[in-house]
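Trainee:
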Amino acid sequence: MRDVAVVAFAQSHHSGEDQGIAETEMVLPVITEIKERTGLSRFGFTCSGSCDYLQGAPFAFVSALDTLGAWPPISESHVEMDGAWALYEAWVKLQTGQTDTALVYGFGKSSQGDLRAIMGKQLDPYTLAPLGVDQVSMAAMQARAYLEKAGAKEDDLRAVAARSRASGRENPFALHLPDPEGDDYDVAPLHPYDVAPVTDGAAAIVLAAGDKARELCERPAWITGIDHRTEPHALGVRDLTRSEAARIAGEKAGAAGVEVAELHAQFSHEELILREALGLGDGVTVNPSGGALSANPVMAAGLIRIGEAAARVHDGTASRTLGHAASGPCLQQNLVCVMSGEKKNG
Amino acid sequence: MPSETTVNHVVEFPGGYTRSVGPVIGRFLSELRDGRLVGVRTAAGRVLVPPAEYDPETGEDVTGEFVEVGPAGTVTTWSWVPNPAAEHPFDRPFAWALIRPDGADTALLHALDLGVFEAGAKPPKVLKTGMRVRPKYRAERTGTIGDIECFLPEVTMINSPGSLGYRLKGGRALDRFLEGIAEGRIIGQRCPVCEKVIVPMKGFCTRDGVPTTEEVELPDTGTVTTFAVNNIPDPRAPEVPFVSGYVLLDGAGLTMLTLIAGVPADQVRMGMRVKAAWRPREEWDRSMANIRWFEPIDEPDVPFEEIKDFM
Numbered sequence: 001m002r003d004v005a006v007v008a009f010a011q012s013h014h015s016g017e018d019q020g021i022a023e024t025e026m027v028l029p030v031i032t033e034i035k036e037r038t039g040l041s042r043f044g045f046t047c048s049g050s051c052d053y054l055q056g057a058p059f060a061f062v063s064a065l066d067t068l069g070a071w072p073p074i075s076e077s078h079v080e081m082d083g084a085w086a087l088y089e090a091w092v093k094l095q096t097g098q099t100d101t102a103l104v105y106g107f108g109k110s111s112q113g114d115l116r117a118i119m120g121k122q123l124d125p126y127t128l129a130p131l132g133v134d135q136v137s138m139a140a141m142q143a144r145a146y147l148e149k150a151g152a153k154e155d156d157l158r159a160v161a162a163r164s165r166a167s168g169r170e171n172p173f174a175l176h177l178p179d180p181e182g183d184d185y186d187v188a189p190l191h192p193y194d195v196a197p198v199t200d201g202a203a204a205i206v207l208a209a210g211d212k213a214r215e216l217c218e219r220p221a222w223i224t225g226i227d228h229r230t231e232p233h234a235l236g237v238r239d240l241t242r243s244e245a246a247r248i249a250g251e252k253a254g255a256a257g258v259e260v261a262e263l264h265a266q267f268s269h270e271e272l273i274l275r276e277a278l279g280l281g282d283g284v285t286v287n288p289s290g291g292a293l294s295a296n297p298v299m300a301a302g303l304i305r306i307g308e309a310a311a312r313v314h315d316g317t318a319s320r321t322l323g324h325a326a327s328g329p330c331l332q333q334n335l336v337c338v339m340s341g342e343k344k345n346g
Numbered sequence: 001m002p003s004e005t006t007v008n009h010v011v012e013f014p015g016g017y018t019r020s021v022g023p024v025i026g027r028f029l030s031e032l033r034d035g036r037l038v039g040v041r042t043a044a045g046r047v048l049v050p051p052a053e054y055d056p057e058t059g060e061d062v063t064g065e066f067v068e069v070g071p072a073g074t075v076t077t078w079s080w081v082p083n084p085a086a087e088h089p090f091d092r093p094f095a096w097a098l099i100r101p102d103g104a105d106t107a108l109l110h111a112l113d114l115g116v117f118e119a120g121a122k123p124p125k126v127l128k129t130g131m132r133v134r135p136k137y138r139a140e141r142t143g144t145i146g147d148i149e150c151f152l153p154e155v156t157m158i159n160s161p162g163s164l165g166y167r168l169k170g171g172r173a174l175d176r177f178l179e180g181i182a183e184g185r186i187i188g189q190r191c192p193v194c195e196k197v198i199v200p201m202k203g204f205c206t207r208d209g210v211p212t213t214e215e216v217e218l219p220d221t222g223t224v225t226t227f228a229v230n231n232i233p234d235p236r237a238p239e240v241p242f243v244s245g246y247v248l249l250d251g252a253g254l255t256m257l258t259l260i261a262g263v264p265a266d267q268v269r270m271g272m273r274v275k276a277a278w279r280p281r282e283e284w285d286r287s288m289a290n291i292r293w294f295e296p297i298d299e300p301d302v303p304f305e306e307i308k309d310f311m
């Protein structure tokens, strides 16, 4: 395996409301910033993650390429998923040895549509989508199942939200949300604060291999393990009280022994399920950025988790960190990326 | 400079998107149109509902065996939508549930109707994991998952209407008592043995078992001996909660059951002094309803010692 590291991370100042800028205008400053930070204007490979349904235009992701300066033609790919999966593809590309650098970015402007209804369009079209069931209603069913199995209370969920929001208020890029209050439900048992806020934003990461990584970054966050696993789509065949996909991905990526974990939990209970699945004990700092509960730019939020975890290695505050991304209803698919200040191959 | 142009934009496929369903989903939807719920058996023997072409655990093809399941099933988890969205099947609060039909090894996601609730309502207590439910089929079915309109709780309770009419006569003693009430007087009878005044009188002393004839008129003031706070509405009471209590009329040897009002329920006390609140004279007839209830009067409470034998 080639040693590949996250060498730079940039993100937008995420917004909870439409700022009156187009998606390309949201992406451009982030791409510009990461080019300046690395001193690179061209990358061996580029991969993006986004969802055309957020904008409601086919091939919406293509216009984002214009922000890169893609002429003469660049080697490029796209996933209709969170940018974390674009990072996985770029990591694989670097493993082939064809190139030494890759630009990965993800972006999403969810403020311009009805995100819950849009997410419903990813469901099985035969027995699920026609019901009109939405993302939050399904997450609430998982929350119910988890609370009943674990004997946890709604207050335990509130504690997750309170901690996430407090951390988010310390993060200049996140939304600054007040302490949770009120007992009205969004979809019971979830209260509004248990649900990630609608957020617009973008993020970018540069990966580099071997010596190139050292050249571009004083303390590269070497990817010592990365894996992603999926579970069946239908909720009715899954055990919703745990995340087997996250458990296996964590095991394959070597989650044990991390000091910081950035988890892509879009609902409070997901953090509790993921902690169990990844075996994160009380000593692990979870979501110091505030996590998705403080800013959830869809299609970038998973990539941001990897970026935030890498940033802790870059600045020397941690030596081994974990970034997690999720996709699909009720944590269907999970990606775990473990990073270290030390190269795996010495 | 942020854009100030907003364009309303709709993405849709006019007439809908046509999809082939294949033999497995097709069988499921066809059976649904016939009002039956079927699953498919995997090689390992599990029954998948809704059916899939493959075993989610192994990826192997399922067998061709379709199994009728349900119609009743068990809720394995649920969520409660207090404020439905446009795409939801109800415009009032309802639940989503994963439902494992009897005979199936997996659960089906569907809406669960628990009746009419105000927008924003909290989840009703009957909504529980483990609750038993059944599909409500539409009369006109077309072969879609929506052929089941929703699920409904199994019947666990009925409400039986009960009403019988009677023509009651109160008897001689009560007649005489109500005669007094019709004139705004409260009449009792004194027992020749124990000398207690019995009101309303019965024509005999329940303690000594002797006839009573000597009439005594009592004032309409008395003392609350004991009482209860009622939370079930009653047409005679002004509001809920209301207080029913025993009042020992001054000079009486027995208490009378009455309503106590004109005071918040949590301020009624044993030993409290009260007075009858009569309806306006023009509404009087031969009925205890002439006294609406008893209301507090501004007198010191009677010590417990003095009323303890009248509980």
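If you read the protein sequences in the order shown, they are chains A and B.
For the first sequence, position 87 (counting from the first letter as 1) is numbered 87 according to UniProt numbering, and the numbering increases by one without interruption.
For the second sequence, position 252 (counting from the first letter as 1) is numbered 252 according to UniProt numbering, and the numbering increases by one without interruption.
All C-beta atoms in this analysis are idealised placements derived from N, C-alpha and C, irrespective of residue type, glycine included.
Buried or exposed, going by whether 16 or more other CB atoms sit within 10 Å of the CB of A:ARG320?
Mentor: The residue labelled residue 320 of chain A in the question sits at position 320 within the first sequence. By the 10 Å Cβ count, A:ARG320 comes out buried.
Trainee: Quick check on the DSSP output: what are the complete alpha helix (DSSP H) runs of length 4 or more inside the stretch 112 to 160 of chain A, in order along the chain?
Mentor: 115 to 120, 135 to 150
Trainee: Name the residue from B:ASP34, B:PRO200, B:ILE260, B:ARG167 whose alpha carbon lies nearest to the alpha carbon of B:LEU174.
Mentor: As a working note, residue 174 of chain B is residue 174 in the second sequence. Residue B:PRO200 holds the alpha-carbon nearest to the alpha-carbon of B:LEU174 among B:ASP34, B:PRO200, B:ILE260, B:ARG167.
Trainee: Does the CB of A:LEU235 have a neighbour CB from chain B at under 7 Å?
Mentor: Your numbering for residue 235 of chain A matches position 235 in the first sequence. Cβ-Cβ to chain B under 7 Å: yes for A:LEU235.
Trainee: Using only the alpha-carbon positions, how far apart do A:GLN98 and A:ALA86 sit?
Mentor: Here residue 98 of chain A is taken as the residue at index 98 of the first sequence, counted from 1. Here residue 86 of chain A is taken as the residue at index 86 of the first sequence, counted from 1. About 17 Å.
Trainee: By Cβ distance, which residues of its chain are closer than 7 Å to A:ALA277, with the 5 residues on each side in sequence left out?
Mentor: The residue given as residue 277 of chain A occupies position 277 in the first sequence. Around A:ALA277, the same chain offers ARG242, SER243, ALA246, ARG247, GLY250 as residues with beta carbons nearer than 7 Å, after the five sequence neighbours per side are excluded.
Trainee: Do A:ASP186 and A:VAL195 come within 7 Å of each other at the CB atom, strictly closer than that value?
Mentor: Taking the first sequence and counting its residues from 1, the one referred to as residue 195 of chain A is at position 195. Taking the first sequence and counting its residues from 1, the one referred to as residue 186 of chain A is at position 186. Their beta carbons are under 7 Å apart, which means A:VAL195 touches A:ASP186 by this criterion.
Trainee: Roughly how many whole angstroms lie between the Cα atoms of B:ARG190 and B:GLU299?
Mentor: In the second sequence, the residue the question calls residue 190 of chain B occupies position 190. In the second sequence, the residue the question calls residue 299 of chain B occupies position 299. Taking the straight line from one Cα to the other gives about 27 Å.
Trainee: Against chain A, with Cβ distances strictly below 7 Å, would B:THR18 count as a contact?
Mentor: For this step, residue 18 of chain B is matched to residue 18 along the second sequence. Not closer than 7 Å to any Cβ of chain A, the Cβ of B:THR18 fails to qualify, so no.
Trainee: Looking at A:HIS233: is its Cβ nearer than 7 Å to the Cβ of A:ASP124?
Mentor: By 1-based counting over the first sequence, the position of residue 233 of chain A is 233. By 1-based counting over the first sequence, the position of residue 124 of chain A is 124. Yes. Within cutoff.
Trainee: To the nearest whole angstrom, what separates the beta carbons of A:SER111 and A:ASP52, a pair I think is in contact under 8 Å?
Mentor: In the first sequence, the residue the question calls residue 111 of chain A occupies position 111. In the first sequence, the residue the question calls residue 52 of chain A occupies position 52. The Cβ separation is near 16 Å, so there is no contact.
Trainee: Check distances from the C-beta atoms of the stretch 7 to 41 of chain A to those of chain B and list, in chain order, the residues that come in under 8 Å.
Mentor: GLN19, GLY20, ILE21, ALA22
Trainee: Starting from A:SER137, find everything on chain B with Cβ-Cβ shorter than 7 Å and list it in chain order.
Mentor: Looking up residue 137 of chain A in the first sequence gives position 137. Those are SER79, VAL81, TRP96, listed as they occur along chain B.
Trainee: Please tell me whether B:GLU260 has its Cβ less than 7 Å away from any Cβ of chain A.
Mentor: If you number the second sequence from 1, residue 260 of chain B lands on position 260. The residue you asked about is not Glu; residue 260 of chain B is Ile in the sequence shown. By this cut-off, B:ILE260 is not an interface position.
Trainee: Do you know how far the Cα of B:ILE145 is from the Cα of A:LEU235?
Mentor: Looking up residue 235 of chain A in the first sequence gives position 235. Looking up residue 145 of chain B in the second sequence gives position 145. If you take the alpha carbons of A:LEU235 and B:ILE145, they lie about 16 Å apart.
Trainee: Tell me, please, whether the CB atom of B:GLY130 is closer than 7 Å to any CB atom in chain A?
Mentor: Residue mapping note: residue 130 of chain B aligns to position 130 of the second sequence, counting from 1. B:GLY130 does not count as touching chain A.
Trainee: Under 9 Å between beta-carbons, which chain B residues line up against A:TYR105? List them in chain order, please.
Mentor: Position 105 of the first sequence, counted from the first residue, corresponds to residue 105 of chain A. Those do not exist, as A:TYR105 stays about 22 Å from chain B at its closest Cβ, beyond 9 Å.
Trainee: So, helix, strand or coil for A:PHE173, using DSSP?
Mentor: Stepping through the first sequence from its first residue, residue 173 of chain A is reached at position 173. In this structure, A:PHE173 counts as coil in the three-state DSSP scheme.
Trainee: Using 7 Å as the threshold, is the C-beta distance between A:ASP227 and A:VAL336 below it?
Mentor: On the first sequence, residue 227 of chain A is found 227 positions in, with the first residue counted as 1. On the first sequence, residue 336 of chain A is found 336 positions in, with the first residue counted as 1. Yes; because the gap between Cβ atoms is below 7 Å, this pair is in contact.
Trainee: May I ask which residues mark the beginning and end of the alpha helix (DSSP H) holding B:PHE304?
Mentor: As a position in the second sequence, residue 304 of chain B is number 304, starting the count at 1. Where B:PHE304 is concerned, the enclosing alpha helix (DSSP H) stretches over 304 to 307.
Trainee: Taking the alpha-carbon of B:GLU57 as reference, which of A:HIS78, A:ALA325, A:THR230, A:PRO297 has the nearest alpha-carbon?
Mentor: Here residue 57 of chain B corresponds to residue number 57 of the second sequence, with the count starting at 1. Looking at the Cα atoms, A:THR230 is the closest of the given residues.
Trainee: Verify the CB distance criterion: does B:ALA121 have a CB-CB separation below 7 Å to chain A?
Mentor: Taking the second sequence and counting its residues from 1, the one referred to as residue 121 of chain B is at position 121. No, because no Cβ of chain A sits closer than 7 Å to the Cβ of B:ALA121.
Trainee: Do you know how far the Cα of A:ALA292 is from the Cα of A:THR317?
Mentor: One-based indexing of the first sequence puts residue 317 of chain A at position 317. One-based indexing of the first sequence puts residue 292 of chain A at position 292. Those two C-alpha atoms are separated by around 21 Å.
Trainee: Over what stretch of residues does the beta strand (DSSP E) that includes A:GLU308 continue unbroken?
Mentor: The residue you call residue 308 of chain A lines up with position 308 of the first sequence. Element bounds for A:GLU308: not the beta strand (DSSP E) but the alpha helix (DSSP H), 301 to 314.
Trainee: Grab the span of the beta strand (DSSP E) containing B:TYR246 for me, first residue to last.
Mentor: On the second sequence, position 246 is the one that residue 246 of chain B refers to. According to the DSSP assignment, B:TYR246 belongs to the beta strand (DSSP E) that extends over 242 to 249.
Trainee: Taking 7 Å as the CB-CB cut-off, is A:ALA60 touching chain B?
Mentor: Numbered from its first residue, the first sequence carries residue 60 of chain A at position 60. No, no contact with chain B.
Trainee: Report the option in B:VAL10, B:TYR17, B:THR5 whose CA atom is closest to the CA atom of A:GLY20.
Mentor: For this step, residue 20 of chain A is matched to residue 20 along the first sequence. Nearest of B:VAL10, B:TYR17, B:THR5 to A:GLY20, Cα basis: B:THR5.
Trainee: Taking its Cβ as the centre, do 16 or more other Cβ atoms sit within 10 Å of A:GLN11, making it buried, or is it exposed?
Mentor: For the purposes of this step, residue 11 of chain A is taken as residue 11 along the first sequence, with counting starting at 1. The residue in question, A:GLN11, is buried, as its Cβ has 16 or more Cβ neighbours within 10 Å.
Trainee: Out of B:ARG269, B:THR226, B:GLY262, B:PRO219, which has the shortest C-alpha to C-alpha gap to B:GLU239?
Mentor: Translated into positions along the second sequence, residue 239 of chain B becomes position 239. With distances taken between Cα atoms, B:GLU239 lies closest to B:GLY262.
Trainee: So the beta strand (DSSP E) A:TRP85 belongs to, where does it begin and stop?
Mentor: For the purposes of this step, residue 85 of chain A is identified with residue 85 of the first sequence, where counting begins at 1. Taken as a continuous stretch (DSSP letters only), A:TRP85 belongs to no beta strand (DSSP E), being part of the alpha helix (DSSP H) at 83 to 95.
Trainee: Quick check on A:ARG144 - is its C-beta less than 7 Å from some C-beta in chain B?
Mentor: In the first sequence, counting from the first residue as 1, residue 144 of chain A sits at position 144. It does; some Cβ of chain B falls within 7 Å.
Trainee: Throw me the rounded Cβ distance for the A:ASP114 and A:LEU272 pair, which I believe falls under 8 Å.
Mentor: Taking the first residue of the first sequence as position 1, residue 114 of chain A is located at position 114. Taking the first residue of the first sequence as position 1, residue 272 of chain A is located at position 272. Not really, about 28 Å apart at Cβ, beyond 8 Å.
Trainee: Please identify the residue among A:CYS47, A:PHE59, A:ASP66, A:ALA117 whose C-alpha is closest to the C-alpha of A:LYS93.
Mentor: For the purposes of this step, residue 93 of chain A is taken as the residue at position 93 of the first sequence. Out of A:CYS47, A:PHE59, A:ASP66, A:ALA117, A:CYS47 has the C-alpha closest to the C-alpha of A:LYS93.
Trainee: Contact check, B:ASP55 vs B:VAL49 under 8 Å by CB: the rounded distance?
Mentor: Taking the first residue of the second sequence as 1, we reach residue 55 of chain B at position 55. Taking the first residue of the second sequence as 1, we reach residue 49 of chain B at position 49. Contact between B:ASP55 and B:VAL49 fails: their C-beta atoms lie close to 13 Å from each other, not under 8 Å.
Trainee: Identify which residue in B:ALA182, B:THR142, B:LEU254 has its Cα closest to the Cα of B:LYS196.
Mentor: Your numbering for residue 196 of chain B matches position 196 in the second sequence. Here the closest residue by C-alpha is B:LEU254.
Trainee: For the structure I just gave you, are there three or more beta carbon pairs, one from the stretch 101 to 109 of chain B and one from the stretch 127 to 144 of chain A, closer than 8 Å?
Mentor: yes
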